Amino acid sequence: MRAPSLRRRLVGQLIVLSAGLAIALYVAVRLGAERASEATLDGILGAATSTIAEELRSVEGGAELDLSPGTFSMLAAMGEERIFHRIDINGLPVTGYADLPLPPRAPTALQPVFYDAEYRDADLRLVAVARSLMIENRAAPVLVIVGQTREGQRAIALGLANRAAALGLAVFLFAIPFSLLSARTLLRPIGRLAEAVGRRGGHDLRPVRHPAPAELAPLVDQLNAFIARLRQTLAQTETFIAEAAHHIRTPLATLRSEAEMALRQAGDEPTRTRLRGMIRATEESARSANQLLDHATVLFRADQKAQDRVDLGAMARALADRFRPTADLKDMEIRLSLPEERLETSGDAVLIEAALRNLIDNALKYSPADSTVEISLVDDLGYARIEVTDRGRGLGGETQAALAQRFRRGPNVGGVVGSGLGLTIVSETATAMGGRFALAEREEGGTCATLWFPRSR
Amino acid sequence: MRYALVSALALILSVAQAWGFETEAERHFGPEGAPQIRVLATTDIAFFAPVAEAFLAENPGLGIQYLQASSQSVSQAVDAEGAAFDLVISTAMDLQMKLANDGFAGALPPDIVQRLPGWARWRDRLVSIALEPVVLLIAEAALNGQPPPRSRRDLIALLRDHPETFAGRIGTYDPRISGAGYLFLTQDARMSDSIWRLAEVMGRLDARLYCCSGEVIAGLISGDLVVGYNVLGSYAAANLPEGSGVLVVPMEDFTITLQRTALIPVNAPDPEGGAALLRFILSDAGQDIQAQVTGGSVMRPESFASQPWLMPIRLDPGLLSTLDSMTRDRFLAEWTAALDQP
Amino acid sequence: MRFLLIEDNADLARSVHERLEMDGHAVDHAATLSEADDHLAVAPYDLILLDITLPDGDGRAFLQRQRARKADTPVIVLTARSAVSDRVDTLDLGADDYLTKPFDFAELEARCRAVLRRRGGTVTNLQSYADLVFDPMGGFVSVAGENRDLRNRELRLLEVLLSAPGRILSKDQLCDRLFSLSEPVSDNAIEVYIARLRKKLEGSTARIETVRGLGYRLTGG
Numbered sequence: 000m001r002a003p004s005l006r007r008r009l010v011g012q013l014i015v016l017s018a019g020l021a022i023a024l025y026v027a028v029r030l031g032a033e034r035a036s037e038a039t040l041d042g043i044l045g046a047a048t049s050t051i052a053e054e055l056r057s058v059e060g061g062a063e064l065d066l067s068p069g070t071f072s073m074l075a076a077m078g079e080e081r082i083f084h085r086i087d088i089n090g091l092p093v094t095g096y097a098d099l100p101l102p103p104r105a106p107t108a109l110q111p112v113f114y115d116a117e118y119r120d121a122d123l124r125l126v127a128v129a130r131s132l133m134i135e136n137r138a139a140p141v142l143v144i145v146g147q148t149r150e151g152q153r154a155i156a157l158g159l160a161n162r163a164a165a166l167g168l169a170v171f172l173f174a175i176p177f178s179l180l181s182a183r184t185l186l187r188p189i190g191r192l193a194e195a196v197g198r199r200g201g202h203d204l205r206p207v208r209h210p211a212p213a214e215l216a217p218l219v220d221q222l223n224a225f226i227a228r229l230r231q232t233l234a235q236t237e238t239f240i241a242e243a244a245h246h247i248r249t250p251l252a253t254l255r256s257e258a259e260m261a262l263r264q265a266g267d268e269p270t271r272t273r274l275r276g277m278i279r280a281t282e283e284s285a286r287s288a289n290q291l292l293d294h295a296t297v298l299f300r301a302d303q304k305a306q307d308r309v310d311l312g313a314m315a316r317a318l319a320d321r322f323r324p325t326a327d328l329k330d331m332e333i334r335l336s337l338p339e340e341r342l343e344t345s346g347d348a349v350l351i352e353a354a355l356r357n358l359i360d361n362a363l364k365y366s367p368a369d370s371t372v373e374i375s376l377v378d379d380l381g382y383a384r385i386e387v388t389d390r391g392r393g394l395g396g397e398t399q400a401a402l403a404q405r406f407r408r409g410p411n412v413g414g415v416v417g418s419g420l421g422l423t424i425v426s427e428t429a430t431a432m433g434g435r436f437a438l439a440e441r442e443e444g445g446t447c448a449t450l451w452f453p454r455s456r
Numbered sequence: 000m001r002y003a004l005v006s007a008l009a010l011i012l013s014v015a016q017a018w019g020f021e022t023e024a025e026r027h028f029g030p031e032g033a034p035q036i037r038v039l040a041t042t043d044i045a046f047f048a049p050v051a052e053a054f055l056a057e058n059p060g061l062g063i064q065y066l067q068a069s070s071q072s073v074s075q076a077v078d079a080e081g082a083a084f085d086l087v088i089s090t091a092m093d094l095q096m097k098l099a100n101d102g103f104a105g106a107l108p109p110d111i112v113q114r115l116p117g118w119a120r121w122r123d124r125l126v127s128i129a130l131e132p133v134v135l136l137i138a139e140a141a142l143n144g145q146p147p148p149r150s151r152r153d154l155i156a157l158l159r160d161h162p163e164t165f166a167g168r169i170g171t172y173d174p175r176i177s178g179a180g181y182l183f184l185t186q187d188a189r190m191s192d193s194i195w196r197l198a199e200v201m202g203r204l205d206a207r208l209y210c211c212s213g214e215v216i217a218g219l220i221s222g223d224l225v226v227g228y229n230v231l232g233s234y235a236a237a238n239l240p241e242g243s244g245v246l247v248v249p250m251e252d253f254t255i256t257l258q259r260t261a262l263i264p265v266n267a268p269d270p271e272g273g274a275a276l277l278r279f280i281l282s283d284a285g286q287d288i289q290a291q292v293t294g295g296s297v298m299r300p301e302s303f304a305s306q307p308w309l310m311p312i313r314l315d316p317g318l319l320s321t322l323d324s325m326t327r328d329r330f331l332a333e334w335t336a337a338l339d340q341p
Numbered sequence: 000m001r002f003l004l005i006e007d008n009a010d011l012a013r014s015v016h017e018r019l020e021m022d023g024h025a026v027d028h029a030a031t032l033s034e035a036d037d038h039l040a041v042a043p044y045d046l047i048l049l050d051i052t053l054p055d056g057d058g059r060a061f062l063q064r065q066r067a068r069k070a071d072t073p074v075i076v077l078t079a080r081s082a083v084s085d086r087v088d089t090l091d092l093g094a095d096d097y098l099t100k101p102f103d104f105a106e107l108e109a110r111c112r113a114v115l116r117r118r119g120g121t122v123t124n125l126q127s128y129a130d131l132v133f134d135p136m137g138g139f140v141s142v143a144g145e146n147r148d149l150r151n152r153e154l155r156l157l158e159v160l161l162s163a164p165g166r167i168l169s170k171d172q173l174c175d176r177l178f179s180l181s182e183p184v185s186d187n188a189i190e191v192y193i194a195r196l197r198k199k200l201e202g203s204t205a206r207i208e209t210v211r212g213l214g215y216r217l218t219g220g
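Residue numbers (numbering that gives the first Met the number 0), protein chains in the order written: chain A, 0 to 456; chain B, 0 to 341; chain C, 0 to 220.
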């Protein structure tokens with residue numbers, strides 16, 4: 000499983016953060032606006048009610064009141080609210096709405112009581128103010144109650160909160176492209192670094208010097224440390240292969256030449272047979288070791304993706320010359336057919352040479368004495384095609400795919416010494432160079448091995 | 000003539016239906032058996048009839064049952080008796096405001112409310128359907144060639160200087176029995192203290208007090224009266240015959256301007272019908288008809304610009320303060336005292 | 000022919016040394032590069048057999064030095080290193096040929112001959128028997144002054160027979176010398192080549208006798 004995308008995480012967190020902010024803004028404004036306006040309106044209501052209470056005057060036979068229309072207008076003005084009032088003297092309602100709800104506790108002269116009540120299908124905010132009035136030489140308690148609806152206030156608070164919510168939503172909506180943008184900006188150096196590393200060739204094991212933000216410095220440092228280790232490991236591998244080859248081959252060479260000497264000097268037949276066996280075994284070990292090491296080298300080098308320009312014609316000619324003495328030993332002929340133009344491919348010259356050498360080696364090995372091996376190079380639709388044909392024993396009915404498997408040898412190898420890795424090396428090289436390898440049995444007997452490499456321009 | 004009509008209808012009414020409140024007239028518009036929009040109003044049937052007919056012409060298949068009553072009765076019918084009407088129209092802004100404040104008015108459709116300016120509505124409950132100035136009527140003969148008074152100060156001077164002409168020949172509302180009269184007086188008092196001096200002058204000249212605008216106008220027509228103070232302009236325009244020699248004078252210090260208001264009760268049996276009729280009354284066509292019927296005294300809001308003395312009575316709960324019984328008692332006591340001053 | 004064998008493995012060096020001497024060549028052996036320099040300073044060589052991995056340096060560096068010095072003695076590299084990567088290098092550095100250890104003596108001989116032929120080496124080791132004159136390096140044979148065109152195996156068969164004239168050589172002995180041990184050989188393969196060689200040498204005083212049940216021998220005169 001992949002770890003969740005950094006960008007998605009960044010964007011997600013930014014969006015969640017902004018959504019949280021938007022909600023918090025809405026709630027805060029809604030509560031704040033409601034509380035602030037409630038406090039303000041309570042102040043106005045209290046002041047208006049106190050004014051009304053103060054306007055109560057004692058007159059002969061009772062009290063007198065002059066309610067000011069202005070006071071009522073003011074109480075209503077905020078949001079066209081509904082107004083209700085009630086005045087009690089000596090505990091009896093004398094004017095206004097006699098059934099207006101009374102306060103939950105009696106107000107004092109100094110402390111009005113604010114309360115909420117439902118009256119005539121309306122939610123009212125009420126205030127009760129107490130004072131006393133001298134009526135007929137006796138102090139009479141007076142209770143003035145004024146109530147107002149707060150629909151306008153609620154509408155305003157809701158409006159404010161909605162506006163805050165809209166703002167929050169706008170912030171939230173803005174946050175989406177913004178967070179996408181900032182995530183991209185933040186992550187761009189990573190992309191650039193990856194690109195810089197990706198652009199390097201297979202052999203480029205220099206440390207990364209691409210400028211990177213401080214946060215990426217540990218990654219770059221680790222990458223460089225890794226590259227250094229890789230470089231060291233590769234060098235060790237190369238050295239190891241070389242050393243291994245040396246340590247295996249030198250004693251084998253000694254063994255073989257000693258055995259050959261012994262064979263030449265030995266007189267009795269049983270000893271000679273044994274020596275021949277020994278030489279064959281040496282031969283076999285040497286070939287196996289060769290091909291194993293070759294194969295290891297192929298695997299090692301194929302990963303490095305070298306891009307040399309390889310003149311295939313020159314290489315084929317050099318190889319043909321190189322194998323001619325070997326062919327002569329069997330009275331065989333190597334015929335070379337090269338085009339006049341130069342055919343080049345780009346890739347690892349060492350690997351291409353190894354593939355061709357293996358093919359020619361196979362052709363010589365499996366062909367009878369006095370036969371001919373033909374090597375031809377032609378241009379084939381943008382590919383350079385190299386064919387190595389022989390008059391050998393063919394494939395013995397085995398498929399190419401089967402023969403290209405490691406350590407797989409045909410059923411008709413007869414007593415020929417081999418490890419079965421040769422074709423594997425060829426096939427893997429062709430793939431690594433972006434080419435192709437085909438093996439076919441010729442109708443007139445023998446095998447035709449064909450390699451295609453992409454032509455470089 | 001008007002009285003004949005009213006009494007004839009009142010007779011029919013008293014036979015036809017028994018209401019818990021006092022009604023003045025009743026009339027049915029539209030085909031028999033058609034669904035009824037029930038209207039309760041203080042407006043004279045004669046004023047309403049052209050509007051009703053125009054509305055029914057647009058909405059055939061509907062009928063209107065129209066009941067005319069005094070403003071106090073209208074208020075009482077809705078408030079105390081919970082009578083079922085689809086549209087309630089009254090000139091008594093304070094009483095209409097109290098109905099709305101006390102929760103008897105239902106919410107009006109938003110399309111009606113939103114078209115109106117803030118001063119022409121209270122919340123979505125009460126809307127103004129006409130503006131009517133409250134005017135001074137004065138007989139040309141009483142002026143002796145002088146220009147008519149343009150302000151209360153002029154009027155006071157005129158009355159004070161010519162007691163022989165005006166004694167016993169001044170008519171105005173009796174605020175103790177007329178809701179409209181009380182409203183106009185309290186608004187006068189709110190605007191200016193000159194009303195108290197005017198009351199004193201009128202008291203000294205034995206002003207006569209009436210229940211309604213119509214009676215004051217009738218007095219002027221008959222010649223019993225030469226001055227009518229605080230008369231509804233629309234009634235004067237409609238009822239004063241050509242060449243009556245009575246001048247309609249707007250007071251230029253300030254002219255109280257009444258808003259005729261309409262509401263749909265919460266218990267209306269057909270609120271959509273009431274709203275449809277109200278929508279028609281507020282439409283350009285409805286407003287034109289009203290203007291024609293009242294002789295152009297129903298004003299458009301544009302009037303405020305050309306006649307800056309027009310003071311619309313604010314349609315807000317400030318109106319409720321004067322309805323307070325203690326406040327009312329004190330005000331009337333003061334007014335009576337001013338009027339009765341020796 | 001004079002060989003300089005530069006090889007640090009004593010056993011292998013001794014074996015190659017003996018084998019070359021057996022074929023009639025003069026061989027000097029150097030176990031290190033400095034020893035090789037000493038030998039080169041005092042004697043001319045026809046061919047240098049050079050190992051790559053030496054205790055006092057890399058054979059390739061020696062090769063480079065040689066070529067820089069314009070010393071054009073042919074060099075055949077005997078490498079035990081990774082077969083793939085070193086070959087191209089060594090040829091590029093001026094080696095005439097290379098062989099990967101372990102090697103077939105027959106192939107070593109064939110390559111030596113090929114290198115010398117390419118370099119147009121002077122005829123030095125002419126062998127003669129009866130009316131045969133044989134140049135193993137140049138690979139030609141004349142019968143009574145008349146050149147005969149022999150193929151490689153026929154030449155080698157003749158060389159083997161010439162190395163012990165008059166002695167009976169068994170079929171097996173001949174096979175061992177003629178054919179690679181890694182290739183299958185039919186029983187009558189030797190008879191085929193003996194027949195071919197007899198035909199090529201027709202008219203010569205030297206003859207290849209069949210000694211029934213024992214083998215063949217070269218007799219002459």
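Heads up, the beta-carbon is just placed ideally off N, CA and C, and yes, glycines get one too. In this text the structure is predicted, and so the values were computed from the model without any measurement.
Give me the Cα-Cα distance between Val41 of chain C and Glu34 of chain C, rounded to the nearest whole angstrom. 11 Å
Open item on the list: Excluding the 5 residues flanking Leu161 of chain C on each side, which residues of the same chain have their C-beta closer than 7 Å to its C-beta?
Closed with: Gln126, Tyr128, Phe133 and Leu217
Contact under 8 Å by Cβ, Leu342 of chain A with Asp378 of chain A: yes
Notebook entry, point to check: Of all the CB atoms in chain A, is at least one closer than 8 Å to the CB of Ser179 of chain C?
Noted result: yes
* Give the interface partners of Leu11 of chain C over in chain A, defined as CB-CB distance under 7 Å, in chain order. => Thr249, Ala252, Thr253 and Ser256
Check: For Met0 of chain B, which three-state DSSP category applies?
Finding: Caution applies to Met0 of chain B, whose pLDDT of 42 falls short of 50 and renders its modelled position unreliable; the value that the coordinates give is listed next. Residue state, collapsed to three classes: coil.
Q. In chain A, which residues lie with their C-beta within 7 Å of the C-beta of Asn229 of chain B?
A. Those within 7 Å of Asn229 of chain B in chain A number zero; the least Cβ separation is about 18 Å.
Margin query: If you reduce the DSSP assignment to three classes, tell me which class Trp308 of chain B lands in.
Written below: coil
Under 8 Å between beta-carbons, which chain A residues line up against Glu104 of chain C? List them in chain order, please.
First, the residue type needs correcting, since residue 104 of chain C is Phe and not Glu in the sequence shown. Under the 8 Å cutoff, chain A gives Ser256 and Glu259.
Min CB distance Lys100 of chain C to chain A below 8 Å: yes
Checklist line | Residue nearest to Ile167 of chain C in terms of C-alpha spacing, selected from C:Pro101, C:Gly212, C:Gln63 and C:Lys198 | finding: C:Gly212
Item to complete: Might you give, ordered along the chain, the residues of its own chain that have their beta carbon closer than 7 Å to the beta carbon of Leu79 of chain A, omitting 5 neighbours on each side?
Response: One detail in the question is off: residue 79 of chain A reads as Glu in this sequence, not Leu. Result list for Glu79 of chain A: Gly151, in chain order.
In the DSSP assignment, find the beta strand (DSSP E) that holds Tyr215 of chain C and state where it starts and stops.
Gly214 to Thr218
The segment 197–215 of chain B touching the segment 7–16 of chain C, judged by at least three CB pairs closer than 8 Å
no
- Task: May I ask which residues mark the beginning and end of the alpha helix (DSSP H) holding Gly95 of chain A?
- Result: Gly95 of chain A -> not in any alpha helix (DSSP H); beta strand (DSSP E) instead, spanning Leu91 to Gly95.
Discussion item. Between Ala194 of chain C and chain A, is the shortest Cβ-Cβ distance under 8 Å, so that the two count as touching?
Written reply: no
Quiz item: From Asn187 of chain C to Glu145 of chain C, what does the alpha carbon distance come to, in whole angstroms?
Solution: 30 Å
* To do: Measure from the C-beta of Pro269 of chain A to each C-beta in chain C and report whether the shortest distance is under 8 Å.
  => no
Checklist line | Where Pro59 of chain B sits in the DSSP three-state scheme | finding: coil
As assigned by DSSP and simplified to three states, the class of Ile11 of chain B: With a pLDDT of 43 at Ile11 of chain B, under the threshold of 50, the modelled position of this residue cannot be trusted, and the question is left open.
- Can you name the residues of chain A whose CB is closer than 7 Å to the CB of Val15 of chain C? Ser256
If you check the beta carbons only, do Ile36 of chain B and Asp85 of chain B fall under 8 Å apart? yes
inquiry  = Going by the DSSP bridge assignment, what does Phe436 of chain A pair with across the sheet?
reply    = A:Leu450
* Asked: By the criterion of Cβ-Cβ separation under 9 Å, what are the contact partners of His209 of chain A in chain C?
  -> None at all; the shortest Cβ gap to chain C is about 31 Å.
Chain-ordered neighbours of Arg150 of chain C on chain A, where CB pairs are closer than 9 Å: Asp327, Asp330 and Asp369
task: List in chain order: all unbroken beta strand (DSSP E) runs of 3+ residues lying wholly within the segment 117–165 of chain C.
output: 126–128, 131–134, 139–142 and 145–147
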